[in-house]
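Taking my numbering, the leading residue of the sequence shown gets 79, the next gets one more, and so forth.
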Amino acid sequence: QTDKPHEHIAIERFSPAGPLAVLPLTDADGDGNDLMQAGYRRSVVWVCKSGEEKQYLEDDALFMATLQKAFGQRAGTFVEAGRRGAYPLTRVLAERQVDGRVVIMGNAAHTLHPVAGQGFNLCMRDAHVLAKMLGNQVLRGEDIGDTKMLKAYERARQKDQKRVIRFCDAVVHGFTHPNPAMKLARNVALIAFDKLPNVKPLVANYAMGLKS
């Protein structure tokens with residue numbers, strides 16, 4: 079929880095170890111009850127170096143102090159820490175996502191760097207594309223387990239998945255590389271991104287898979 083309302087805005091920065099995102103939480107608890115701290119609750123996704131996570135899980139004060147130093151004051155002051163968990167970060171892309179009449183999708187088929195919610199976006203696109211293709215099969219009165227159709231789904235999704243994985247890897251590499259020339263190029267790119275009005279929609283559409 080922070081002392082500054084989130085206004086439903088997600089903020090992501092890059093630490094030397096990788097992405098650090100502070101995300102807005104809803105204004106209600108799991109039972110739908112309004113909370114006194116509504117608008118101030120946030121979720122943190124923090125990629126840290128292997129071995130560092132144990133101390134952050136066990137010590138609230140250390141966790142908040144280190145988080146504050148890494149993130150700065152953009153989200154306000156972190157005043158309370160909630161439950162935390164640690165998970166290994168592994169990049170996975172299944173070579174086969176269709177076998178007979180069985181399809182794997184979402185995180186069962188791919189995991190990647192947590193950059194700008196791209197993993198979630200990929201999962202949603204998997205479901206959307208398959209649902210659309212299955213719906214077309216039903217409308218045509220054809221088998222929803224047709225091998226040709228499912229293989230077409232697999233090819234289309236793997237192309238999108240590989241594109242997004244390359245994009246996320248490039249972003250993480252660009253923002254964590256210590257080379258001074260890389261830092262300069264990164265800063266120039268961020269200034270251009272912020273100042274050029276037509277760039278943000280292009281990047282957003284690319285991230286959402288609306289444009290390749």
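Yeah, the Cβ is synthetic: ideal placement off N, Cα and C, and Gly gets one too.
Give the single residue among Met227, Gly195, Gly213 whose Cα lies nearest to the Cα of Val242. Locating residue 242 in the sequence shown gives position 164, counting from the first residue. Here the closest residue by C-alpha is Gly195.
Tell me where the alpha helix (DSSP H) around Glu164 begins and ends. Residue numbering aside, residue 164 sits at position 86 when the sequence shown is read from its first letter. A small fix is needed here, since residue 164 is Ala in this sequence, not Glu. First-last for Ala164: undefined, no H or E at that position.
Exposure of Tyr118, with buried meaning 16 or more beta-carbon neighbours within 10 Å: By 1-based counting over the sequence shown, the position of residue 118 is 40. By the neighbour-count rule (16 or more Cβ atoms within 10 Å), Tyr118 is buried.
Touch test, the stretch 225-238 against the stretch 170-184, Cβ-Cβ under 8 Å, three pairs minimum: yes
Round the Cβ separation of Val125 and Gly96 to the nearest angstrom and send it over; I've been treating them as touching at under 8 Å. Here residue 125 is taken as the residue at index 47 of the sequence shown, counted from 1. Here residue 96 is taken as the residue at index 18 of the sequence shown, counted from 1. That belief holds up - the Cβ atoms of Val125 and Gly96 are roughly 3 Å apart, short of 8 Å.
Taking just the CA atoms, how far does Ala205 sit from Glu232? Residue 232 sits at position 154 when you count from the first residue of the sequence shown. Residue 205 sits at position 127 when you count from the first residue of the sequence shown. Distance between the alpha carbons of Glu232 and Ala205 is about 12 Å.
From Lys147 to Gly154, what does the alpha carbon distance come to, in whole angstroms? For the purposes of this step, residue 147 is identified with residue 69 of the sequence shown, where counting begins at 1. For the purposes of this step, residue 154 is identified with residue 76 of the sequence shown, where counting begins at 1. Rounded to whole angstroms, Lys147 to Gly154 spans 12 Å at the Cα level.
Can you list the beta strand (DSSP E) stretches of 3 or more residues lying completely in the stretch 182-264, in chain order? none
Note down, in chain order, each residue of its chain lying with its Cβ closer than 7 Å to the Cβ of Met211, except the 5 sequence neighbours on either side. For this step, residue 211 is matched to residue 133 along the sequence shown. Same-chain partners within the cutoff: Met227, Tyr231.
Could you name each continuous alpha helix (DSSP H) segment of 4 residues or more that falls completely within the stretch 127-173, going from the start of the chain to the end? 131-136, 138-149
Spatial neighbours of Ala187 within its chain, please: CB distance less than 6 Å, with the 5 preceding and 5 following residues excluded, ordered by chain position. What you label residue 187 is simply residue 109 of the sequence shown in a count that begins at 1. Contacts found: Ala172, Gln175.
Smallest Cα separation from Pro94: which of Gln239, Leu280, Val249? Here residue 94 refers to the residue found at position 16 of the sequence shown. Checked all of Gln239, Leu280, Val249; the closest Cα to Pro94 is Val249.
Go ahead and label Thr80 buried or exposed: buried means 16 or more other beta carbons lie within 10 angstroms of its beta carbon, across all protein chains shown. By 1-based counting over the sequence shown, the position of residue 80 is 2. That one is buried.
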